[in-house]
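Working notes, beginning with the structure itself.
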Amino acid sequence: MLRPMPAKVDRAFARMVCVKRIVTGSLSIASGVALIFGLVGHGSAPPLAALALLILLGGGAWTLRDGLRLRRELQRG
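Under the numbering used here, the residues of the sequence shown are numbered 7 to 83, in order.
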């Protein structure tokens with residue numbers, strides 16, 4: 007049997023999610039930049055590297071933006 011969702015989310019839990027998104031977004035962007043340097047040093051890039059860059063940089067930017075947005079909302083209210 008499913009329990010109903012709580013009306014409000016605990017602020018400590020929301021803050022934990024916020025920090026997690028900021029950290030994982032930053033690490034993902036840093037990994038994408040490291041992959042760029044690795045590909046430049048390697049010389050030729052396999053086609054799958056473009057997909058990896060898209061996932062790392064795009065997903066990292068989205069996650070970081072969402073974490074920063076959530077942090078702003080928590081600071082306001």
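Beta carbons are placed, not taken as given, at the ideal position from N, Cα and C, and that holds for glycine.
Under the 10 Å beta carbon count, serine 50 is surrounded by fewer than 16 other beta carbons and is classified as exposed. Three or more beta-carbon pairs separated by less than 8 Å are not found between the segment 61-70 and the segment 16-24, which leaves the two stretches without contact.
Cβ atoms of glycine 38 and leucine 63 come within 8 Å of each other, at about 4 Å. Taking C-beta atoms as the reference points, isoleucine 28 and glycine 66 fail to come closer than 7 Å. Around the beta carbon of glycine 83, fewer than 16 other beta carbons sit within 10 angstroms, so the residue counts as exposed.
Of the residues assessed, glycine 47 falls on the exposed side of the cut-off, its CB having fewer than 16 other CB atoms within 10 angstroms.
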